[in-house]
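Each residue of the sequence shown is one higher than the last, beginning at 811 in my numbering. Working notes, structure below.
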Amino acid sequence: MSTVLVVDDKELLRDSVGTTLQRAGFVVVSAQDGNAALDAIARRRPDAVVTDLKMPGLSGLELIEHIRRIDEDLPIVLMTAFGTVDTAVQAMRLGAFDYLTKPFEGDELVVAVKRAIEHGRLKRDNEVLRLAAAESEGASTARDAVGTVGPRGLDRIIGQSPAMLGVKERVRAVAASQGTVLISGESGTGKEVVARAIHEMSGRSGEPFLAVNCAAMSESLLESELFGHEKGAFTGAERLRKGRFELAHGGTLLLDEISEVRPQIQAKLLRVLQERSFERVGSSTTIGVDVRVIATTNRDLAIEAARGNFRQDLFFRLNVLPVHLPPLRERIDDVTRLAPHFVKQAAQREGRAGKALSHEAVGLMASYSWPGNVRELQNLCERAVVLSNGDEIGPELIAGWLNGPSASSNGIHVEAKTAPITNGVAIDHMFNEPRPLAEIEREVIVATLNRFNGHRVRTARALGIGVRTLGLKLKKWKELHLVAETL
């Protein structure tokens, strides 16, 4: 339900406008002057502002100027009894979305506010989508789940083992709450998948879901990504930039690998969780937001807090609704459901429908301990789809990628030999002859690049690595003349 801030020094008009908007289904917050309006915006950001032009203290036009210093995109509708062209032009130039000339009908007001809110939502969604597009190129860590096709909610979480049935019950209970969630588990267990499921099952499902990988950024970059910065706040800050907390307003923000956050950022996060407000880097203006925080960690934060490596008060704020994900080795029965799902998913994406795992291949996978958890299984399935010939993926193709004795612990033994991989790189050549791992890695990457005609994004996705990582490897190999310059 959208919130509208109504600003007018005349109580009768303020109440009349507020009542009209409430009847139309809006939540209304009132302010008697410009300064009170700025205080209200600092406490909690509304979805739109309706303000009078003539007020003591800050005028409507001056209020617009102040709001634009805080938020470039907050939609504003100006009410005026002085409907001159000059006033309208000046209001629009300062950043008002629309203006209404008194007296106006209630329907006019409601339509103008609805259009303003929709415009503001589209601008925010465009920014979120821009971040999502950048992330697909390896340039960002923010992701958007709004409008995602495919499984949603609990359907995202694959598994019927007792451990995963317990996780699903916990997710169902947690999603109905507004509390902060802490998801723990080893790397690769699917913590982000569970976080998305919680968001999609919550009352915030129609609002943005953004994620930030806290381990992938320096302290200064993470601070700017989370809280935004003002123009000129530091070298290179050429324009005002909103942080993830602002962009996720009304929705959910995932703080991935929260244990890697430095003490200074921990203090700012604690304040946001306590007061629901913060300041951008380089600003003293307080901004109020309504964001649900979900954090993930592959460490035991209680132990880290006891050792002094993590703020204990922040841990307690995060650990309101804990969810723990078991490693794949503790729910090995789920491999028989996960592996075919990942193969089907990869085959559809790569346009190779009909490709499937053989019964023996699934049995081999179910006999392995999966130290890399679900992520390792998914990467292996995608690799098998890309590098296999024919419609069936047999155990001989995947045997060479399963490390350690656990792959044959159930009596399954497979010779690591197969038909040549696309473009002539053979699995038996890779795994039957003792060779450096770096050499095998290079051949697999080159073969996959050739399979996708040099498309780096698709190659990186198939191999389960980042585009930037792929680019750095290729650059190094080219400098050493180990691969063709055309790659």
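Heads up, the beta-carbon is just placed ideally off N, CA and C, and yes, glycines get one too. Remember, predicted model here, so these are calculated numbers, not experimental data.
Proximity to residue i [Cα-Cα], best of the options
i: Lys1052; options: Ile880, Thr1296, Ala1115; result: Ile880
i: Ser1177; options: Gln1158, Ala1209, Arg1193, Ala1194; result: Ala1209
i: Val860; options: Ala983, Ile877, Leu888; result: Leu888
i: Val1196; options: Arg1252, Ala1270, Leu1124; result: Ala1270
i: Gly1204; options: Ala1166, Arg1268, Ser994; result: Ala1166
i: Thr890; options: Lys1001, Asp908, Lys924, Val1022; result: Asp908
i: Leu1273; options: Asn1189, Val1293, His1265, Ala1248; result: Asn1189
i: Leu1080; options: Thr990, Ser1168, Ala1043; result: Thr990
i: Arg966; options: Lys1283, Thr1107, Ile1008, Ile1142; result: Ile1008
i: Arg853; options: Gln832, Lys1288, Asp1100, Ala1248; result: Asp1100
i: Ser850; options: Val1184, Leu1064, Ile1097; result: Sequence inspection shows Ala at residue 850; the Ser mentioned does not correspond to that position. Of the candidates Val1184, Leu1064, Ile1097, the one whose C-alpha sits nearest the C-alpha of Ala850 is Ile1097.
i: Pro972; options: Asp1201, Gly870, Gln1158, Asp1143; result: Asp1143
i: Leu1083; options: Thr1095, Gly1092, Val1103, Gly1200; result: Val1103
i: Gly844; options: His876, Pro856, Ser826; result: His876
i: Ser997; options: Arg1185, Lys933, Glu821; result: Arg1185
i: Val1091; options: Val1172, Glu1035, Ile968, Met811; result: Glu1035
Rounded Cβ spacing between residue i and residue j (contact assumed at less than 8 Å)
i: Ala922; j: Leu910; result: 6 Å
i: Ile1075; j: Glu1033; result: 6 Å
i: Gly1061; j: Glu1017; result: 3 Å
i: Arg1072; j: Glu1029; result: 5 Å
i: Arg824; j: Val816; result: 6 Å
i: Val981; j: Val1130; result: The pair is not a contact, with the Cβ atoms about 15 Å apart (cut-off 8 Å).
Collapsed DSSP secondary structure at residue i in the structure displayed
i: Met889; result: strand
i: His1134; result: strand
i: Asp954; result: With a pLDDT of 39 at Asp954, under the threshold of 50, the predicted position of this residue should be treated as unreliable, though the coordinate-derived value follows. Residue state, collapsed to three classes: coil.
i: Leu1292; result: coil
i: Leu756; result: No answer is possible for residue 756: it lies beyond the span of the chain, which begins at 811 and ends at 1297.
i: Ser1030; result: helix
i: Leu1167; result: strand
i: His840; result: Looking at the sequence provided, one finds Ser at residue 840 rather than His. DSSP places Ser840 in strand when its eight states are reduced to three.
i: Thr861; result: strand
i: Glu1202; result: strand
i: Trp1287; result: helix
i: Thr813; result: strand
i: Thr999; result: coil
i: Lys1306; result: Since the displayed the chain opens at 811 and closes at 1297, residue 1306 lies outside it and no answer follows.
i: Gly870; result: helix
i: Glu915; result: coil
i: Ser1015; result: coil
i: Val1254; result: helix
i: Asn1183; result: helix
i: Ala1229; result: Confidence at Ala1229 is low in this model, with a pLDDT of 37, below 50, so its placement is unreliable and the value that follows should be read with caution. In this structure, Ala1229 counts as coil in the three-state DSSP scheme.
i: Gln1009; result: The residue asked about is misnamed: residue 1009 is His in this sequence, not Gln. If DSSP states are grouped into helix, strand and coil, His1009 belongs with the helices.
i: Asp1143; result: helix
i: Ile851; result: helix
i: Ser826; result: helix
i: Lys820; result: coil
i: Phe1125; result: helix
i: Asn1189; result: helix
i: Asn845; result: helix
Per DSSP, cross-strand counterpart(s) of residue i
i: Arg1051; result: His1039
i: Asp908; result: Val887
i: Asn1023; result: Asp1066
i: Ile993; result: Thr1106, Val1133
Point to revise | Any alpha helix (DSSP H) of 4 or more consecutive residues that is wholly inside the stretch 1056-1108 | key: 1073-1085
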